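Residue numbers (UniProt numbering): 1 to 228.
For each residue, glycine too, the CB sits at the ideal point set by N, CA and C.
A quick note: this is a predicted structure, and the numbers were derived from the prediction, not measured.
Below: one structure, written as structure tokens.
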Amino acid sequence: MTALKDMWLEMHWNTKLHRKVLGSQQGNCAFYEWALELQNQNTLLYGNTAHLSDIQLCNQLEANICDKLTVPVLRAKLTNNISLKKWIEEVKHLDDKHLKDLASHRKITEELYRTSKHAMSSTKTSSSKTYNPSSSCLGTLTEAERTLLMKHRGCFKCRKFYVLHQLKDCTNGTLEASSYKTLTEADAIMAKLKTKTIAAIRPVGAVMPSPFQNRPPYVALSLDRAFF
């Protein structure tokens with residue numbers, strides 16, 4: 001086998017492969033795939049001084065695992081007397097758990113992003129319907145505005161609070177979008193105060209004229225004699 005390798009492989013192939021094994025790192029690869037690749041490369045070095053023993057290969061793997069896996073492996077406190085195969089299986093189990101947690105976190109993040117994006121889009125659409133300065137047509141009422149108008153006896157057409165008419169009876173003109181401002185609770189309270197102020201002003205009672213006013217003197221005198 002050694003003679004066959006020397007015949008068909010390039011010169012100093014063993015040195016180059018040995019350096020490749022020693023310089024290999026897990027990176028973003030799954031641990032088990034990376035460990036198998038390293039074992040296959042080391043197998044080609046069998047019978048050569050560059051070949052790593054199981055203990056050496058185990059140390060090489062442990063020294064070059066990804067940072068996310070380093071702490072879990074240390075916490076697992078894997079004993080030194082287990083075989084290389086058993087050690088790789090134990091680390092594979094830890095790596096699988098890490099990859100599963102990572103996928104779960106990624107899914108949650110993507111879901112939050114989609115939810116946030118949808119909420120922002122809905123808010124923007126609602127705002128554009130309520131008030132669009134570039135358009136002369138006024139948008140439809142928002143749910144909040146509709147609730148305020150119902151609560152404070154308002155009209156859905158002229159959008160005024162505390163009025164004595166409804167949408168079908170409203171004779172006010174169409175509102176301009178360029179000057180319209182979204183209705184608020186403060187607007188409703190202000191309209192209510194104005195309504196109370198107007199109601200507090202009572203009309204002065206009419207003074208009936210005296211039956212003796214604006215009569216000729218002789219008529220008034222005759223009436224006085226009639227009563228006395």
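Check your understanding: Going along the chain, which residues of its own chain have a beta-carbon closer than 6 Å to the beta-carbon of Cys170, five neighbours each way excluded?
Key -> Cys155, Lys157 and Cys158
* Nearest CA to the CA of Gly139: which residue from Ser179, Ala186 and Tyr32? -> Ser179
- request: Taking only the alpha-carbon atoms, compute the straight-line gap between Lys192 and Tyr113 and give it to the nearest angstrom.
  value: 43 Å
Handout entry: Per-residue DSSP class, three states only, for Met150
Key = helix
Exercise. To the nearest angstrom, how far is it from the Cα of Lys20 to the Cα of Asn59?
Worked result: 15 Å
Q.
So Ala35 and Ile82 are supposed to be a Cβ contact under 8 Å. How far apart are they, rounded?
A. Ala35 to Ile82, Cβ: 15 Å. No contact.
Margin query: Residues in the same chain with beta-carbon distance under 8 Å from Arg153, minus the five sequence neighbours each way, listed in chain order, please.
Written below: So the qualifying residues of the chain are Phe161, Tyr162 and Val163.
- Task: Below 7 Å CB to CB, which residues in the same chain sit around Gly27 once its five sequence neighbours on both sides are set aside?
- Result: Cys66
C-alpha distance - Gly44 paired with Cys29, whole-angstrom precision
With the sequence shown as reference, residue 44 is identified as Leu, and Gly is not the correct amino acid for it. Looking at the two C-alpha atoms, the distance is approximately 22 Å.
For Thr140, verify whether its CB is less than 7 Å away from any heavy atom of the ligand FAD. Only the bare structure without any ligand can be found here, which leaves the ligand FAD out of the picture.
Closest by CA to Leu69, which one among His93, Asn48 and Leu148?
Of the listed residues, the one whose Cα sits closest to Leu69 is His93.
For this session: Decide if Asp96 is buried, meaning its Cβ has at least 16 other Cβ atoms within 10 Å, or exposed.
Result: exposed
query: Nearest CA to the CA of His51: which residue from Lys16, Ala63 and Glu10?
result: Answer by Cα proximity: Lys16.
Practice prompt. Take Tyr32 and list the residues in its own chain whose beta-carbon comes closer than 6 Å to its own, dropping the five residues that flank it on each side.
Written response: Lys92
Q. According to the neighbour-count rule (16 or more other Cβ atoms, all chains shown, within 10 Å of its Cβ), is Leu167 buried or exposed?
A. exposed
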